[in-house]
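Protein chains: 2
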Amino acid sequence: MSRTYHHGALAEAMVDQALASVRTQGADHVSLRSIAQVLEVSPSAAYNHFADKDDLLRAVGACGLAALDERMARVLAAHPADNPDAARARFSGLGRAYLAFAIDETHLFQLTFGPICAVKEMAPEDTGPYNKLTTALDELDRWQLLKPGIRQDLDMVVWASAHGMATLLVEGAVQPDSVEVFIDSMNRLILG
Amino acid sequence: MSRTYHHGALAEAMVDQALASVRTQGADHVSLRSIAQVLEVSPSAAYNHFADKDDLLRAVGACGLAALDERMARVLAAHPADNPDAARARFSGLGRAYLAFAIDETHLFQLTFGPICAVKEMAPEDTGPYNKLTTALDELDRWQLLKPGIRQDLDMVVWASAHGMATLLVEGAVQPDSVEVFIDSMNRLILG
DNA sequence: GTGTTAGTCTGAACACTGTTCATATTCAGA
DNA sequence: TCTGAATATGAACAGTGTTCAGACTAACAC
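Protein sequences, first through last, are from chains A and B.
My numbering puts the first residue of the first sequence at 2, with every later residue one more than the last.
My numbering puts the first residue of the second sequence at 2, with every later residue one more than the last.
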């Protein structure tokens, strides 16, 4: 096997390296040429696997969405009990996981939910972060923990709140220590 | 006055042209050279007025924040009455103005609240969008229109909700016709 | 084993980009 | 009118995404 020909796994290797670069530098300061150089490959080699730079970055953004979903899945696995307290813990935990992802992985968050990636086409309907939120709200509703008469379209407001708080964190408009304040205020709003 | 020397107002002219370009193309696809070409000026002329490209874009972002604030100010001016109905109209109107700005000026919104601009340092505390929101909530509270016991830290949740809904609109994750659904759901949450 | 074909990578090139710097022009004040 | 501070130029540098003809490699048919 020749050393100069990087065979078989270039696509995945480029996504991995791009993911690492995005994490440290942010998507704006990542260049195709630099990651090709790290992989000891010609700059034009990427075009056998990706239509253009944005196409590669979209693949990285999909990794970001998967990482977020995994964080949320871990929260659900940590509170599996079928009772009111666990339902509350799952809901708050999902929110905390979402915001922790924004804080820990600022650059990846910005790419995943930025202009390059069309999140609406990446997020599956029957699974993924949005679905986890709706089922958590359904469970709160089933245990009659929600204030009466607010379940309709509540998904959208809660989703928007969490996403907005995350972007405010990312932009530095609010500090990380505001997360608990936010969650408390949110619970005060919707929990009976 | 020589034709070749663009005297006096280059800085403002560049901001104006950059603002126009951002509106149509988005900040990512705007180049210093192109706007210098439109203004019939050397590419390096910009560096007498701006530290670098991001510095110019930050000035454009400030225009975006001002445009948003003006929309919100118009809403307040349209409902000046000192009674419960007007207070409700002001609150809902501010939300609609915020979301309309995100829909109408997608690219400008993305720049204004994007990584390049540090919004926290642009937004004044005693005026601007955030302050208009808090005073609207104070008015709702004064007329006892809020649900009891939720005023504390309500600003942050409402602010995050509006901002999150705006970014979801910009990203195409939700459709513009969801705006009224969002506002209704929001009112259901916080109004008594 | 040999040929053919499809997939992969190279290297040079193109048209850009932001930025710097020495140089030239213009304006405002003494 | 002279001087100094602003302001604009034009050439240059280092870097970018992207294209394309040609070279290399693997795998499959015969």
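Glycine residues also receive a C-beta, built at the ideal position from the N, C-alpha and C atoms.
Remember, predicted model here, so these are calculated numbers, not experimental data.
The alpha-carbon of residue 43 of chain B is positioned some 36 Å away from that of residue 59 of chain A. Of the candidates A:144, A:115, A:160 and A:193, A:115 places its Cα closest to the Cα of residue 28 of chain A. For residue 97 of chain B, no Cβ of chain A is located within less than 8 Å of the residue's own Cβ. Non-local beta-carbon contacts of residue 113 of chain A in its own chain, meaning distances under 6 Å to residues more than five positions away in sequence, involve 62, 65 and 66 in chain order. Residue 193 of chain B sits away from residue 133 of chain B, with the two beta carbons spaced by 8 Å or more.
In the three-state reduction of the DSSP assignment, residue 40 of chain B falls in the coil class, being assigned neither a helical nor a strand state. In this structure, DSSP gives residue 138 of chain A a helical state, which the three-state scheme calls helix. Rounded to whole angstroms, residue 117 of chain B and residue 89 of chain A show a C-alpha spacing of 37 Å. Your pair residue 187 of chain B and residue 94 of chain B does not check out as a contact, with CB atoms roughly 13 Å apart and the cut at 8 Å.
Against chain B, the beta carbon of residue 149 of chain A has no neighbour under 9 Å; the closest one sits roughly 11 Å away. Taking 8 Å as the upper bound on Cβ-Cβ separation, chain A lies near residues 27 and 29 of the region 21-53 of chain B. The beta carbon of residue 133 of chain A does not come within 8 Å of any beta carbon belonging to chain B, so the residue lies off that interface. Within the DSSP bridge table, the entry for residue 192 of chain B names B:147 as partners. Identification of residues in the region 110-130 of chain A having a C-beta nearer than 7 Å to some C-beta of chain B yields 111, 114, 116, 119, 120 and 121, given in sequence order. Assigned with DSSP and collapsed to three states, residue 85 of chain B falls in helix. Not flagged as an interface residue toward chain A: residue 10 of chain B, since no C-beta distance is shorter than 8 Å.
Residues of the region 173-185 of chain B with a Cβ closer than 9 Å to any Cβ of chain A, in chain order: 173, 174, 175, 179, 182, 183 and 185.
Boundaries of the alpha helix (DSSP H) around residue 156 of chain A: 155-172. Residues of chain A with a Cβ closer than 7 Å to the Cβ of residue 162 of chain B are, in chain order, 158, 161, 162 and 165.
Within the same chain, Cβ atoms closer than 6 Å to the Cβ of residue 142 of chain B are found at 152, the five residues on either side in sequence being excluded.
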